[in-house]
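Notes to accompany the following structure.
Numbering (the numbering used here), first residue to last: 13 to 406.
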């Protein structure tokens with residue numbers, strides 16, 4: 013988004029800011045991490061929208077690392093590889109990877125935090141506990157929604173392993189919490205009053221946009237519909253649902269309760285917000301693919317299993333190609349069932365080739381940017397007036 017690219021300019025040495033602007037005020041109501049990463053890309057190359065998107069490359073690496081480590085811990089190496097393959101083919105992640113949104117980096121930090129939380133061995137490991145604290149801090153400095161995805165899994169580890177019975181675990185847990193609080197607190201503490209106002213203003217925006225009330229059936233299924241209709245589409249959604257059932261039935265995940273708490277807890281936290289958007293549940297998509305990877309790992313290794321895997325990869329690659337470049341001989345989208353109508357209508361879709369005409373295949377368009385910039389830089393003022401035609405009054 014242009015707003016985040018603009019805030020990134022405030023972190024450059026030649027930023028045009030009032031002299032009394034403090035560091036924590038340079039990114040408005042948003043935490044500064046993503047803006048600093050974009051500003052770093054600007055400094056290495058040059059400011060520009062295409063350069064800004066390069067800031068998502070390390071986020072992609074971090075996201076896939078987190079997904080792989082979770083898959084490795086819960087289901088093994090083959091499942092981990094499949095989870096990464098499926099994650100890279102998620103249509104919504106493909107679209108958002110080309111935008112400078114906080115949520116893409118948020119998805120990466122959540123995946124990394126969940127992986128590191130597992131690696132702490134219930135806070136037995138000092139090294140991973142320290143790394144987890146740093147990850148928590150950076151996640152909070154990316155977007156405040158980070159806490160909604162981490163609270164459930166962290167609480168599960170604390171209760172499930174009864175860490176308060178071990179002095180070592182308590183110490184490491186305290187270290188994680190302290191590092192996260194100090195690291196994120198330098199930005200949140202001075203901005204807290206403004207963030208409280210922003211939260212309530214944002215809730216009113218959700219009401220004005222026609223989002224369903226928090227306690228309602230439509231709110232309960234809101235993100236389920238977005239998962240099928242805008243994030244996964246039908247093929248990947250059906251794969252995930254079947255994976256849930258069969259992996260649970262055959263105990264295909266070691267410690268699957270942790271993953272269930274992470275997914276359900278994050279979904280519940282986002283559902284309880286008045287303002288809703290498919291971006292908000294992006295951090296859940298990678299962990300969901302761990303479940304799908306665990307099921308694919310169990311497929312037979314004969315020609316039937318190999319053929320099924322080949323067909324699946326072909327369909328997902330075709331879908332990914334359509335969302336990236338478009339397929340002219342296919343309809344732009346196929347609606348399976350009309351969905352909730354707010355400011356936008358959220359349908360159940362077989363697939364889409366674009367996201368509300370915002371993200372999708374490239375188009376040959378001329379926005380006259382050169383002409384606009386040339387006009388702005390002219391040392392004269394151009395005044396446009398409307399002169400009435402007095403000879404032909406109406």
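The C-beta atom is built at its ideal place from N, Cα and C for all residues, glycine as well.
Bear in mind the structure is a predicted one, so any value in this text is a computation, not a measurement.
Reduced DSSP category for residue 353 - H, G, I as helix; E, B as strand; rest coil: Position 341 of the chain shown, counting from 1, holds the residue named residue 353. Three-state DSSP puts residue 353 in a strand.
With distance defined between alpha-carbon atoms, name the residue in 275, 304, 294 and 41 nearest to residue 164. Position 152 of the chain shown, counted from the start, is the residue given in the question as residue 164. For residue 164, the nearest C-alpha among the options comes from 275.
Can you grab the Cα-Cα spacing for the pair residue 185 / residue 135, in whole Å? Mapped onto the chain shown, residue 185 falls at position 173. Mapped onto the chain shown, residue 135 falls at position 123. Going from the Cα of residue 185 to the Cα of residue 135 covers about 6 angstroms.
Going by beta carbon distance, what residues of the same chain come within less than 6 angstroms of residue 161, once the five residues before and after it are set aside? Indexing the chain shown from 1 puts residue 161 at position 149. Result list for residue 161: 122, 278 and 295, in chain order.
Within its chain, find whatever has a CB closer than 7 angstroms to the CB of residue 14; leave out the 5 residues flanking it on each side and keep chain order. Numbered from its first residue, the chain shown carries residue 14 at position 2. Taken in chain order, the list of residues that qualify is empty.
Tell me residue 360's beta-bridge partners as DSSP assigns them. Position 348 of the chain shown, counted from the first residue, corresponds to residue 360. Answer is 349, bridged to residue 360.
Drop a sphere of 10 angstroms on the beta-carbon of residue 194, count the other beta-carbons inside from all chains shown, and report buried for 16 or more, exposed for fewer. Position 182 of the chain shown holds residue 194. Exposed, since its Cβ has fewer than 16 Cβ neighbours within 10 Å.
Please identify the residue among 101, 102 and 73 whose C-alpha is closest to the C-alpha of residue 124. The residue you call residue 124 lines up with position 112 of the chain shown. Here the closest residue by C-alpha is 73.
Note down, in chain order, each residue of its chain lying with its Cβ closer than 7 angstroms to the Cβ of residue 144, except the 5 sequence neighbours on either side. Translated into positions along the chain shown, residue 144 becomes position 132. Non-local C-beta neighbours of residue 144 in its own chain, meaning closer than 7 angstroms and more than five positions away in sequence, comprise 125, 128, 129, 132 and 188, ordered along the chain.
Is it right to say residue 250 is buried, meaning 16 or more other beta carbons lie within 10 angstroms of its own, or is it exposed? In the chain shown, counting from the first residue as 1, residue 250 sits at position 238. So residue 250 ends up on the exposed side.
In the DSSP assignment, find the unbroken alpha helix (DSSP H) run with residue 277 in it and report its ends. Here residue 277 refers to the residue found at position 265 when the chain shown is read from its first residue. Taken as a continuous stretch (DSSP letters only), the alpha helix (DSSP H) holding residue 277 covers 268–283.
Between residue 297 and residue 119, how many whole angstroms is the CB-CB distance? I'm expecting something under 8 angstroms. Your numbering for residue 297 matches position 285 in the chain shown. Your numbering for residue 119 matches position 107 in the chain shown. So it is a contact: roughly 7 angstroms between Cβ atoms.
Would you say residue 83 and residue 317 are within 8 angstroms of each other, going by their C-beta atoms? For the purposes of this step, residue 83 is identified with residue 71 of the chain shown, where counting begins at 1. For the purposes of this step, residue 317 is identified with residue 305 of the chain shown, where counting begins at 1. Not in contact: residue 83 and residue 317 (Cβ atoms no closer than 8 angstroms).
Beta-carbon proximity check, residue 371 vs residue 111, cutoff 8 angstroms: Here residue 371 refers to the residue found at position 359 of the chain shown. Here residue 111 refers to the residue found at position 99 of the chain shown. Yes, these two residues count as a Cβ contact at 8 angstroms.
Quickly, what does DSSP pair residue 178 with across the bridge? List them, please. Here residue 178 refers to the residue found at position 166 when the chain shown is read from its first residue. Note: residue 178 sits in no beta bridge, so no partner.
By the 10 Å Cβ neighbour count, where 16 or more other Cβ atoms means buried, how is residue 293 classified, buried or exposed? For the purposes of this step, residue 293 is taken as residue 281 along the chain shown, with counting starting at 1. Per the 10 Å Cβ criterion, buried.
At which residues does the alpha helix (DSSP H) containing residue 93 begin and terminate? Residue 93 sits at position 81 when you count from the first residue of the chain shown. Unbroken alpha helix (DSSP H) run through residue 93: 89–100.
DSSP state of residue 54 mapped onto helix, strand, coil: Against the chain shown, residue 54 aligns to sequence position 42. If DSSP states are grouped into helix, strand and coil, residue 54 belongs with the helices.
4 or more residues per run - each alpha helix (DSSP H) lying fully within the stretch 137–183: 138–152 and 158–172
Span of the alpha helix (DSSP H), counted from its first residue to its last, around residue 16: Position 4 of the chain shown, counted from the first residue, corresponds to residue 16. DSSP places residue 16 inside the alpha helix (DSSP H), whose first and last residues are 14–21.
Within a Cβ cutoff of 6 angstroms, which residues of the same chain sit near residue 101, ignoring the five residues on either side of it in sequence? Against the chain shown, residue 101 aligns to sequence position 89. Taking residue 101 as the centre and dropping the five residues before and after it, the same chain places the C-beta of 328 and 332 closer than 6 angstroms to its C-beta, in chain order.
What residue range is occupied by the uninterrupted alpha helix (DSSP H) comprising residue 115? Counting from 1 along the chain shown, the entry for residue 115 is found at position 103. For residue 115, the uninterrupted alpha helix (DSSP H) segment begins and ends at 114–131.
Please report how far the alpha carbon of residue 227 lies from the alpha carbon of residue 282, in whole angstroms. Your numbering for residue 227 matches position 215 in the chain shown. Your numbering for residue 282 matches position 270 in the chain shown. Cα-Cα distance, rounded: 13 angstroms.
As assigned by DSSP and simplified to three states, the class of residue 42: Here residue 42 corresponds to residue number 30 of the chain shown, with the count starting at 1. The answer is coil: DSSP assigns residue 42 none of H, G, I, E or B.
Buried or exposed: where does residue 257 fall if 16 or more other Cβ atoms within 10 Å of its Cβ makes it buried? By one-based count along the chain shown, residue 257 stands at place 245. Exposed is the call here.
In chain order, what residues of the same chain lie with their CB nearer than 6 angstroms to the CB of residue 201, ignoring the 5 residues before and after it? Counting from one through the chain shown, the residue named residue 201 turns up at place 189. Once the five neighbours on either side are set aside, residue 201 has no close Cβ partner at all.
Rounded separation between residue 289 and residue 224 - CA only: In the chain shown, the residue the question calls residue 289 occupies position 277. In the chain shown, the residue the question calls residue 224 occupies position 212. Those two C-alpha atoms are separated by around 12 angstroms.
Can you name, in chain order, every residue of its own chain whose Cβ lies under 6 angstroms from the Cβ of residue 152, other than the five neighbours on each side? On the chain shown, position 140 is the one that residue 152 refers to. Here the set comprises 158 and 196.
Hey, how far is the Cα of residue 80 from the Cα of residue 95? For the purposes of this step, residue 80 is taken as the residue at position 68 of the chain shown. For the purposes of this step, residue 95 is taken as the residue at position 83 of the chain shown. Looking at the two C-alpha atoms, the distance is approximately 7 angstroms.
Taking the alpha-carbon positions, what's the residue 348 to residue 303 distance? Within the chain shown, residue 348 is the residue found at index 336, counting from 1. Within the chain shown, residue 303 is the residue found at index 291, counting from 1. Taking the straight line joining both Cα atoms gives about 25 angstroms.
Note down, in chain order, each residue of its chain lying with its Cβ closer than 8 angstroms to the Cβ of residue 395, except the 5 sequence neighbours on either side. Counting from one through the chain shown, the residue named residue 395 turns up at place 383. Low local confidence applies: a pLDDT of 48 at residue 395 is under 50, so the model's placement there is unreliable, and no value is given.
Quick one: does residue 219 have its CB under 8 angstroms from some CB of chain C? No chain C appears in the structure shown, which is made up of a single protein chain.
Quick check on residue 255: does DSSP put it in helix, strand or coil? Working through the chain shown from its first residue, we reach residue 255 at position 243. The three-state reading of DSSP puts residue 255 in helix, counting H, G and I together.
Per the contact definition of three or more C-beta pairs closer than 8 angstroms, is the stretch 34–44 in contact with the stretch 55–73? no
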